[in-house]
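The structure under discussion appears below in the form of C-alpha cells.
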Amino acid sequence: MHPRAGTPALPEDLIDTDAVVGAYYDLIPDVHDPAQQVVFGTSGHRGSSLDAAFNEAHIIAITTAIVEYRRSQGTDGPLFLGRDTHALSLPAWQTALEVLAAADVEVHVDARNGFTPTPAVSHAILLHNGAGTAQGVRTVGGAAGAGATGGTGLADGIVVTPSHNPPRDGGFKYNPPHGGPAGSDATGWIADRANELLRSGLAGARRVSLEQALAAPTTRKHDFMSAYVADLPNVLDIDLIRASGVRIGADPLGGAAVEYWGEIAERHGLDLTVVNPAVDPRWAFMTLDWDGKIRMDCSSPSAMASLVEGMRPAADGTTAFDVATGNDADADRHGIVTPDGGLMNPNHYLAVAISYLYGGARPGWAPDAAIGKTLVSSALIDRVAADLGRRLLEVPVGFKWFVPGLLDGSVGFGGEESAGASFLRHDGTVWTTDKDGILLALLAGEITARTGRSPSQLHAELVERHGQSWYARVDAPATREQKAALGSLRPEQVTASTLAGEEITGRLVEAPGNGAPIGGLKVTTANAWFAARPSGTEDVYKVYAESFVSQEHLTQVQAAAQELVTQTLAG
-7 MHPRAGTPAL PEDLIDTDAV VGAYYDLIPD VHDPAQQVVF GTSGHRGSSL
43 DAAFNEAHII AITTAIVEYR RSQGTDGPLF LGRDTHALSL PAWQTALEVL
93 AAADVEVHVD ARNGFTPTPA VSHAILLHNG AGTAQGVRTV GGAAGAGATG
143 GTGLADGIVV TPSHNPPRDG GFKYNPPHGG PAGSDATGWI ADRANELLRS
193 GLAGARRVSL EQALAAPTTR KHDFMSAYVA DLPNVLDIDL IRASGVRIGA
243 DPLGGAAVEY WGEIAERHGL DLTVVNPAVD PRWAFMTLDW DGKIRMDCSS
293 PSAMASLVEG MRPAADGTTA FDVATGNDAD ADRHGIVTPD GGLMNPNHYL
343 AVAISYLYGG ARPGWAPDAA IGKTLVSSAL IDRVAADLGR RLLEVPVGFK
393 WFVPGLLDGS VGFGGEESAG ASFLRHDGTV WTTDKDGILL ALLAGEITAR
443 TGRSPSQLHA ELVERHGQSW YARVDAPATR EQKAALGSLR PEQVTASTLA
493 GEEITGRLVE APGNGAPIGG LKVTTANAWF AARPSGTEDV YKVYAESFVS
543 QEHLTQVQAA AQELVTQTLA G
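For what it's worth, this note's numbering labels the leading residue of the sequence shown as -7, then goes sequentially.
Structure representation (C-alpha cells):
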C-alpha cells in the first residue's frame, strides 16, 4: 500500500493533458515492439499515448479493421459510437468517426455531444436489434429487419474508454450485434488485421476530415441518455424507490455517468443527489489508489475514500444518504457505500444482489434462470445459489461469457468479482449484455427500499447463514513469457493432495459452467480455493484466494498458490 493511498491528489500527481493529447498525434508506434502493437485484452485495447501504445495510428488501424470485420459478418446497420471522459477519448473518438465516415458506415453519435456510458451503448445496440419486441434480439442476419438492399440491418458499437485506468491511458472496445464485449474470435481477428495495417504503414486505410465526418449524411444524432433513462422502470422498481424516499448519493467519479445521474433523479423524481458533478481529465479531485496512482476504481477503498468519508454518521447518528454509489469512467462498474458498512466488498454486494433478486423480487424471471458468476468470484455466491435451489453458471473471467444467457433469459444475473454485473428486465428479457454500474447502483436503492435494511446488513445475514469468508487478490509483475506459461498450467502440475490442510476436491483449467479454458488454474477444497491467471490487460499475474476457515487459513492458501506459481514461472 502506497503511503499516500486514500489521500487527495497533489499537483505533481496530475497528468499534463496537452502532453498526453499531443503524444497521441505525434508519436508513431514501433510495429516491432510488442508493447506498442494492438492487443485486445478482456476489455479492448488499452495503453497510453506517452508510451506509443495508444496513438492515432492505432485507432486508424483498429477502426479500419472493425469496418472490415463487420462487413465480413454482414453487419450493415448503424454503429453506435460512445466515449468517456479520459483525455484521449475525444481525439480517438474523432479519429474513429473520420474512418467510419470514409467507409460510409452509418454512425450514431450522442445527440448532446456528451459522454456515453458503456451500458447505454449496449442498451442502444440491443434496442435496435430487437430487445423488447416479440421476436427478441437478433444477432445474426435473417429475413426480419432486412434492409432494402437485403442486408441484415444489425447494429453494433464502439466505446472509447480505458474504464477505470489512470488519466494518462486510452481505451477502445468493440461490441458486436449481441451488445456485449466482443469475443476472442472477433478481437483476435481485429487485432491481427490492425497490426497488419500498422506494419504496412496503414496502406489502404481511408479517412476524411473531422468536418466532413461530422457533416456526413451517415453521421446521425442519437439520444442515448433519454432512451436509457426512460427504460429504467422496466428493469428496476423505480416506483418503490421513489415512494420509499430512499436518499441516494451518486458519485460519477468524473466519468461518463455524470449527466445520467441528474437525468435519472429529475425524470423519475428520486431523492438522488449527484455528490460530485465535476469532470476533469486530470481527475484532480480524486484520492489516490492503493499504489499511489489516480485510478477511478469504484471498488477500491482508497479511490473511494472521499465518498466513504462523506457517509460517516454525524454526532447525532444521521447520515447524508441511506446509500451512496460510485462508478468508474465508463460506468460499467459499481461501488456501494452504506452508513453501517462503508464501501462494500464487490463480492459481498454481488451475493446480496443475487439473494434479493432470486429470492422473490423478480417473479417474471424463468424459474430455471441461472446465476452467473466468474470462477474467481466468492464461493459465498455458490452457497447462496445452493440455498436458493438455483443453477450456478461458473465461467472464466470476462463478462462476454454471460452474453448468451442474458440474451435468451437462461441467465438472470451475471456478475464479476471486479464489481461488474447486469441482470434481466422484470419480464425476463435482456436489459444489457455489458456491465451496468448505474443499474447495480440503483438496485442498492431498491434493496434498501424493499427490505428496510442496507445491503451491508443483508450481507451480514448471509454470513450468519452461510459462514464468513476471507477473500483476497494479489497481483505481481510478470513478463509476457511468464504470463503464457501461467496461462497454460495443467491440472497434473498440482501434485499435492491437500491445500492448507484440506483435501483437494478440484483442479480446474476449464470453467464448470461452459467448459471454456480459464487461462490459468483453479484449485478447490471444501472450505477454500485459489485461482492463478495472467492479466489480460497488464503485465502482471493475479492470484485469487478465499477461505471459509480464517484469515490465517487464507494466508496458508495464498502461500501454497504462490509456491505453485513460482515453480511454474521458474520452469
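Cβ coordinates follow ideal geometry from the N, Cα and C atoms, glycine included.
For Ala321 versus Asp76, is the C-beta spacing smaller than 8 Å?
Position 329 of the sequence shown, counted from the start, is the residue given in the question as residue 321. Position 84 of the sequence shown, counted from the start, is the residue given in the question as residue 76. A contact, by the Cβ cut-off of 8 Å.
Quick one: is Thr471 buried, meaning 16 or more other Cβ sit within 10 Å of its Cβ, or exposed?
Reading the sequence shown from its first residue, position 479 is the one you call residue 471. Exposed, by the Cβ-count rule.
With DSSP collapsed to three states, give me the class of Ser414.
Along the sequence shown, read from residue 1 onward, the residue named residue 414 stands at position 422. Note: Ser414 maps to strand in three-state DSSP.
DSSP-derived helix/strand/coil call for Leu224:
Stepping through the sequence shown from its first residue, residue 224 is reached at position 232. Residue state, collapsed to three classes: helix.
In terms of DSSP beta bridges, what is His326 paired with?
Your numbering for residue 326 matches position 334 in the sequence shown. For His326, which the question treats as bridged, DSSP gives the partners Asn319.
Which same chain residues end up closer than 6 Å to Gly139 when comparing Cβ atoms and leaving out the 5 residues on each side of it in sequence?
Mapped onto the sequence shown, residue 139 falls at position 147. For Gly139, the predicted structure reports a pLDDT of 37, less than 50, and the residue's modelled location is therefore unreliable. The matter cannot be settled from this model.
The beta strand (DSSP E) enclosing Val101, as first and last residue numbers:
For the purposes of this step, residue 101 is taken as the residue at position 109 of the sequence shown. It spans Val99 to Asp102 - the beta strand (DSSP E) in which Val101 sits, taken as one unbroken run.
For Ala197, count the other beta carbons within 10 Å of its own beta carbon; 16 or more makes it buried, fewer makes it exposed. Which is it?
Residue mapping note: residue 197 aligns to position 205 of the sequence shown, counting from 1. Result: buried.
Does the separation of the CB atoms of Leu264 and Ala248 fall below 8 Å?
Position 272 of the sequence shown, counting from 1, holds the residue named residue 264. Position 256 of the sequence shown, counting from 1, holds the residue named residue 248. No; because the gap between Cβ atoms is not below 8 Å, this pair is not in contact.
Asn105 versus Lys213, Pro173 and Thr34, residue with shortest Cα-Cα distance
Position 113 of the sequence shown, counted from the start, is the residue given in the question as residue 105. Among Lys213, Pro173 and Thr34, the Cα nearest to that of Asn105 is on Lys213.
Mapping the DSSP letters down to three states, classify His340 as helix, strand or coil.
Within the sequence shown, residue 340 is the residue found at index 348, counting from 1. Helix.
Per DSSP, what kind of secondary structure is Asn268 in: helix, strand or coil?
Residue numbering aside, residue 268 sits at position 276 when the sequence shown is read from its first letter. Reduced to three states, the DSSP call for Asn268 is coil.
Could you check the C-alpha separation between Ala94 and Leu80 for me, to the nearest Å?
Residue mapping note: residue 94 aligns to position 102 of the sequence shown, counting from 1. Residue mapping note: residue 80 aligns to position 88 of the sequence shown, counting from 1. Spanning the two alpha carbons is a distance of roughly 22 Å.
Could you spell out where the alpha helix (DSSP H) holding Ser298 opens and where it closes?
Locating residue 298 in the sequence shown gives position 306, counting from the first residue. Start and end: Ala297 to Gly302.
Close-in-space but distant-in-sequence residues of the same chain around Lys392 (CB under 6 Å, 5 per side omitted):
Translated into the one-based positions of the sequence shown, residue 392 becomes position 400. Taken in chain order, the residues that qualify are Gly172, Pro173 and Gly175.
Using DSSP with H/G/I as helix, E/B as strand and the rest coil, what is Phe46?
On the sequence shown, residue 46 is found 54 positions in, with the first residue counted as 1. Correct three-state label for Phe46: coil.
According to the neighbour-count rule (16 or more other Cβ atoms, all chains shown, within 10 Å of its Cβ), is Gln571 buried or exposed?
This structure cannot speak to residue 571, because the chain is shown only from -7 to 563.
Compute the distance between the beta-carbons of His37 and Ile54, then report whether it is under 8 Å.
In the sequence shown, counting from the first residue as 1, residue 37 sits at position 45. In the sequence shown, counting from the first residue as 1, residue 54 sits at position 62. Yes, these two residues count as a Cβ contact at 8 Å.
Would you say Ile430 and Pro0 are within 8 Å of each other, going by their C-beta atoms?
Position 438 of the sequence shown, counted from the first residue, corresponds to residue 430. Position 8 of the sequence shown, counted from the first residue, corresponds to residue 0. Cβ distance not < 8 Å, so Ile430 and Pro0 don't count as in contact.
Would you give the residue range spanned by the beta strand (DSSP E) that His37 belongs to?
Indexing the sequence shown from 1 puts residue 37 at position 45. From DSSP, the beta strand (DSSP E) with His37 extends over Gly36 to Ser40.
If you draw a straight line from the alpha carbon of Tyr61 to that of Asn121, how long is it in whole angstroms?
Here residue 61 corresponds to residue number 69 of the sequence shown, with the count starting at 1. Here residue 121 corresponds to residue number 129 of the sequence shown, with the count starting at 1. Each residue's Cα considered, the two are about 18 Å apart.
Taking 7 Å as the limit between beta carbons, can you name the residues of its chain near Ala135, skipping five residues before and five after?
Along the sequence shown, one-based indexing puts residue 135 at 143. Confidence in Ala135 is poor, its pLDDT being 39 and thus under 50, which makes the residue's placement unreliable; the coordinate value appears in the next sentence. Answer for Ala135: no residue qualifies.
For Leu2, does the count of other Cβ atoms within 10 angstroms reach 16, so buried, or fall short, so exposed?
As a first step, residue 2 is located in the sequence shown; it is residue number 10 there, counting from the start. Leu2 comes out exposed.
From Leu454, Thr9, Pro338 and Pro447, residue whose alpha carbon lies closest to that of Arg465
Within the sequence shown, numbered from 1, the residue matching residue 465 stands at position 473. Comparing Cα positions, the closest option is Pro338.
Could you give the DSSP three-state label for Lys427: helix, strand or coil?
Counting from one through the sequence shown, the residue named residue 427 turns up at place 435. Lys427: coil per DSSP, three-state reduction.
Kindly indicate which residue of Lys165, Glu188 and Leu190 has the alpha-carbon position closest to the one of Ala178.
Taking the first residue of the sequence shown as position 1, residue 178 is located at position 186. When each option's Cα is compared against that of Ala178, the closest is Lys165.
Beta-ladder partner(s) of Glu502, from DSSP:
Reading the sequence shown from its first residue, position 510 is the one you call residue 502. Partner(s): Pro509.
Among all the DSSP beta bridges, which residues are the ones paired with Lys365?
For the purposes of this step, residue 365 is identified with residue 373 of the sequence shown, where counting begins at 1. BP columns for Lys365 point to Glu386 and Gly407.
Cα-Cα separation, Arg287 to Ala126:
For the purposes of this step, residue 287 is taken as residue 295 along the sequence shown, with counting starting at 1. For the purposes of this step, residue 126 is taken as residue 134 along the sequence shown, with counting starting at 1. Distance between the alpha carbons of Arg287 and Ala126: 42 Å.
Would you say the segment 200 to 209 touches the segment 278 to 294, given that touching needs at least three Cβ pairs under 8 Å?
no
Pick from Glu555, Asp43, Gly261 and Ala147 that is closest to Pro70, judged by C-alpha positions:
Residue numbering aside, residue 70 sits at position 78 when the sequence shown is read from its first letter. Here the closest residue by C-alpha is Ala147.
Hey, could you find the ends of the alpha helix (DSSP H) Thr558 is sitting in?
For the purposes of this step, residue 558 is identified with residue 566 of the sequence shown, where counting begins at 1. Thr558 -> alpha helix (DSSP H) spans Gln543 to Ala562.
Whose C-beta lies closer than 7 Å to the C-beta of Asp374 among residues of the same chain, with five residues either side of it excluded?
The residue labelled residue 374 in the question sits at position 382 within the sequence shown. Answer for Asp374: Leu384, listed in chain order.
Using the Cα positions of Pro469 and Thr311, report the straight-line distance between them to the nearest angstrom.
Numbered from its first residue, the sequence shown carries residue 469 at position 477. Numbered from its first residue, the sequence shown carries residue 311 at position 319. Going from the Cα of Pro469 to the Cα of Thr311 covers about 41 Å.
Less than 8 Å separating the beta-carbons of Glu386 and Pro504?
Numbered from its first residue, the sequence shown carries residue 386 at position 394. Numbered from its first residue, the sequence shown carries residue 504 at position 512. Yes, Cβ-Cβ distance for Glu386 and Pro504 is below 8 Å.
Could you give the residue range of the alpha helix (DSSP H) that holds Ser192?
Residue mapping note: residue 192 aligns to position 200 of the sequence shown, counting from 1. Here Ser192 belongs to no alpha helix (DSSP H), and DSSP marks it neither H nor E.
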